[in-house]
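The structure appears right after this line, and notes come after that.
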Amino acid sequence: MVFAARTSVLRAARAQFAPARAAFTLNQSALARLLSTLAVLEQRDGKLQSSSLSAISAALRLGGPVTAFVAGNGVKATSAAEAAQYKGVEKVVAVESEAYEKGLPENYAPLLVENIKKGEYTHIVGGHSAFGKSLLPRVAALLDVQQISDITSIESEDTFIRPIYAGNAILTVQSTDPIKVITVRGTAFQDAEATGGNAEITEGVDPQAPAQTEWVSEELAKSERPDLATAGRVVSGGRGLKSKEEFDRIMVPLADSLGAAIGASRAAVDSGFADNSLQVGQTGKNVAPQLYLSVGISGAIQHLAGMKDSKVIAAINKDPDAPIFQVADVGLVGDLFEKVPELTEKVKSA
Amino acid sequence: MTSGLRILVPIKRVIDYAIKPRINKTQTGVETANVKHSLNPFDELSVEEAVRLRERKGPLKVDNILALSAGGPKCADTLRTAMAMGADRAFHIDVPDSNDGGLEPLTVAKMLRGVVEKENINLVLLGKQAIDGDQGQTGQMLAGLLGWPQATQASKVEIKDEAGTVEVTHEVDGGVETLRAKLPMVITTDLRLNEPRYASLPNIMKAKKKPLEKKTLADFGVEDKKRLKTLKVTEPPARQGGGKVEDVDGLISKLKELGAL
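Shown next, in the form of structure tokens:
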């Protein structure tokens, strides 16, 4: 019954969309020759950052020729050469200058705009990382186009899917702008191959806009563990861990035994158990690992927003009614101070 | 030239963060009627920071804090909340209510540029994103349009001297970074910036007497032109819980079965 109804609704909807789709296909084939994408890559000290992978993956999925863009200190021999290896990238535009090393949007945005105009790209794609989030809206405004943020899927050259309301709704949106400026969610675009390519590296234009901000310093949390945003396994701790000492005592060995990255809920971060950069959720990082193991996390919607695309979710919590159990593939009700060390031991000896 | 801080704090009325939004039947947006709305949490932080800049009595005095919101008539309540927290005056930009997240960020940024120029603003404090559209663009777009420096996702803001040097510590992937710039400037706020205050009853009463001016987009030379077309809004694919296990061994064998270990 339910099935039948659903099919008929689908059919009706399809019939309704059919004419529009036919028109679109035509449109697309006409545009296919003109479509050309610039993937904006993030680099630090000559190394491409993980957000670059998603920018390239998404750019390749758009279908047209892909040019990669990278700027910074002596990048041609380092990050540009690395980008040239990506399969499917046709060209790398590189701008070597100390001025762009820190990726400050005040001079990086005019730099990009000049190169976009020169290359006549129709699509500009960057990762939805701190770098992309800060830079690309500024670029979009300078180009007078409305950016599409944090997309998780590409429907066609002008239609994209993105989560809104902390992932509680999925928006399909069509852009009417001549240039599409897009940031992409890293966890949704990971399939670019970092080898097998042989792109030509060319010199970009450098408008040398003045830097209005001065980079003073940075403090990065040092970690030997896999990067949270791209790790295959993530173990995440919440308020249930009670203190920073307990967080470290319980979560670190667990992460080590699984070769996992450590994440945290907002409650854990706000209580000082873990560093801000480890926060998973609407206002923190989005992760989609093979395994997400949540420990002492109730599962507020803001937290679920950041992890519900994980392949397998496991939860350990003492409250059997915690909302996390509604999304967990496997749940264990119990005291985390007993269960987690037991789990750590058993995983280690397995 | 900088004698004091003239701060603009744009705020947005959104569905309360604790409410799980429901998609409407026509799949054009989420249900907004009879749903609790509040001040966007990140905007609360920017109002709070503006008020604290005044209270800190730094090298630059705060001359004025202007709160602004664009939307339907109920935005006025949100603006009263901001004034009860300490904003001096408010602009309500009258825009019809809609269920697709309201004005696009580029439109808002253009409108704010108009306000900045007319009201001689030298510091704009915005939230890093609104929790309905989750776009995170308006501040950066505004800074780009004005040609001003920007600092996004600020966790600490310090006015260093009378010349208007500002140091902002902001959150980046993997840690924090500190930037220095000169006013005028655009700053967007992150959760760690401060702990917003509750408006006290006397302040709520006082806020009713503070000036709230009604304006239109046209006053700032902007029209509501949509660049993005909402084709549909749907529910995310539901995740089904896989049930519970009795003990750690059960957990391990289930994870192996699912291929996660």
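Respectively, the protein sequence lines represent chains A and B.
Just so we're aligned: the first sequence equals residues 0 to 349 in numbering that gives the first Met the number 0.
Just so we're aligned: the second sequence equals residues 0 to 260 in numbering that gives the first Met the number 0.
Backbone N, C-alpha and C define an ideal beta-carbon position, used for all residues, glycine too.
This one's a predicted model, so the numbers in the text were calculated from it and none came from an experiment.
Ordered along the chain, which non-local residues of its own chain (more than five positions away) have a Cβ less than 7 Å from that of residue i?
i         : result
LYS345(A) : none
ALA14(A)  : Only weak support is given to the placement of ALA14(A): the predicted model assigns it a pLDDT of 44, under 50, and the question is left unresolved by the model.
GLU194(B) : none
ARG5(A)   : Confidence is the limiting factor: at ARG5(A) the pLDDT is only 46, short of 50, which leaves the residue's position unreliable and the question unanswerable from this model.
ALA19(A)  : In this predicted model, ALA19(A) has a pLDDT of only 44, less than 50, meaning its place in the structure is not dependable; the value taken from the coordinates is given anyway. If we look at ALA19(A) and ignore the five residues flanking it on each side, it has no Cβ neighbours.
ALA228(A) : SER49, GLY185, LYS284 and VAL286
PHE23(A)  : Model confidence at PHE23(A) stands at a pLDDT of 45, short of 50, so the residue's coordinates are unreliable; what they give is reported in the following sentence. Only SER155 meet the Cβ criterion.
VAL112(A) : VAL138, LEU141 and LEU142
Based on the DSSP output, what are the partners of residue i in its beta bridges?
i         : result
ARG43(A)  : LYS46(A)
LEU122(B) : ILE6(B) and MET184(B)
VAL175(B) : GLU218(A) and GLU170(B)
GLY146(B) : In DSSP, GLY146(B) forms no bridge with anything.
PHE90(B)  : LEU67(B) and GLU212(B)
THR229(B) : VAL172(A)
LEU37(A)  : THR66(A) and ILE123(A)
TYR85(A)  : GLY195(A)
THR164(B) : LYS181(B)
GLY262(A) : SER235(A)
LYS243(B) : GLY330(A)
LEU290(A) : ARG232(A) and VAL311(A)
SER37(B)  : VAL13(B)
VAL156(B) : VAL167(B)
SER155(A) : THR158(A)
GLU213(A) : ARG179(B)
LYS284(B) : Past the edges of chain B, shown from 0 to 260, lies residue 284(B), and the structure says nothing about it.
Residue range of the alpha helix (DSSP H) that residue i falls in?
i         : result
MET204(B) : 200-206
SER133(A) : 129-142
ILE115(A) : 104-118
GLY295(A) : Careful: GLY295(A) lies outside any alpha helix (DSSP H) and carries neither H nor E.
LYS255(B) : 247-256
SER256(A) : 243-257
ALA267(A) : 265-269
Which same chain residues end up closer than 8 Å to residue i when comparing Cβ atoms and leaving out the 5 residues on each side of it in sequence?
i         : result
ASP226(A) : SER49 and ALA260
SER28(A)  : Here the model assigns SER28(A) a pLDDT of 47, short of 50, so the residue's position is not dependable and the matter cannot be decided.
LEU145(B) : ARG112, VAL115, PRO183 and VAL185
ASP318(A) : SER297 and VAL332
SER97(B)  : GLY28
Determine the extent of the beta strand (DSSP E) in which residue i is found, giving its start and end residues.
i         : result
VAL13(B)  : 12-14
ARG79(B)  : Where ARG79(B) is concerned, there is no enclosing beta strand (DSSP E), although the alpha helix (DSSP H) it sits in stretches over 74-84.
GLU199(A) : 199-202
THR158(A) : 158-163
ASP149(A) : 147-150
ILE123(A) : 122-126
LEU44(B)  : Careful: LEU44(B) lies outside any beta strand (DSSP E), inside the alpha helix (DSSP H) at 40-55.
VAL88(A)  : 88-95
PHE68(A)  : 65-71
ARG232(A) : 232-236
THR417(A) : Any question about residue 417(A) goes unanswered here, given that chain A covers just 0 to 349.
Could you confirm whether any beta carbon from chain E is found closer than 8 Å to the beta carbon of residue i?
i         : result
PHE324(A) : Among the chains of the structure shown, chain E does not appear; the protein chains present are A and B.
For residue i, I'd like the list of residues in its chain whose CB is within less than 6 Å of its CB, leaving aside the five on either flank, ordered along the chain.
i         : result
VAL268(A) : ASN275 and GLN278
LEU292(A) : VAL234 and ALA313
ILE64(B)  : ILE6, ALA49, ALA86 and ASP87
VAL329(A) : ALA313
LEU25(A)  : Because LEU25(A) sits at a pLDDT of 43, beneath the cut-off of 50, its placement in the model cannot be relied upon, and the point is left open.
Just checking residue i against the ligand MG - is the residue's beta carbon closer than 7 Å to any of the ligand's heavy atoms?
i         : result
VAL185(B) : Among the components of this structure there are no ligands whatsoever, and the ligand MG is therefore not found.
Touching or not, the stretch 15-35 of chain B and the stretch 107-126 of chain B, by the rule of three or more beta carbon pairs under 8 Å?
Too few Cβ pairs lie closer than 8 Å, so no.
Cβ pair count under 8 Å reaching 3, the stretch 24-33 of chain B against the stretch 56-76 of chain B:
no
Count the C-beta pairs between the stretch 250-258 of chain A and the stretch 180-198 of chain A that are closer than 8 Å, then say yes if the count reaches three, no if not.
no
Quick test of the definition: if touching needs 3 or more C-beta pairs under 8 Å, does the stretch 143-156 of chain A touch the stretch 171-184 of chain A?
Under the three-pair Cβ rule at 8 Å, the stretch 143-156 of chain A counts as touching the stretch 171-184 of chain A.
Which ranges does the beta strand (DSSP E) cover as unbroken runs of at least 3 residues, wholly within the stretch 293-344 of chain A, from first to last along the chain?
311-316 and 329-332
Touching by the beta-carbon criterion (3+ pairs, under 8 Å), the stretch 148-165 of chain A and the stretch 148-163 of chain B
no
Within the chosen definition, does the stretch 161-173 of chain B reach the stretch 124-135 of chain A through at least 3 CB pairs nearer than 8 Å?
yes
Check whether the stretch 93-110 of chain A touches the stretch 67-74 of chain A, taking contact to mean three or more Cβ pairs, one atom from each stretch, closer than 8 Å.
yes
Can we say the stretch 330-338 of chain A touches the stretch 4-18 of chain B, given the rule of at least three CB pairs closer than 8 Å?
no
Is it true that the stretch 132-142 of chain A meets the stretch 239-246 of chain A, where meeting means three or more beta-carbon pairs spaced less than 8 Å apart?
Counting Cβ pairs under 8 Å, fewer than three are found: no touch.
Examine the Cβ distances between the stretch 303-321 of chain A and the stretch 208-227 of chain B and report whether three or more of them are shorter than 8 Å.
no
Below 8 Å, how does it come out for the stretch 158-173 of chain A and the stretch 229-236 of chain B: are there three or more Cβ pairs, yes or no?
yes
Take every Cβ of the stretch 80-99 of chain A, pair it with every Cβ of the stretch 38-54 of chain A, and state whether three or more of those distances are shorter than 8 Å.
yes
Whether or not the stretch 199-214 of chain B and the stretch 68-85 of chain B are in contact is what I'm after, with contact meaning three or more pairs of Cβ atoms, one per stretch, closer than 8 Å; do they touch?
yes
Is there contact between the stretch 118-126 of chain A and the stretch 32-39 of chain A, where contact requires at least three CB pairs shorter than 8 Å?
Touching, yes.
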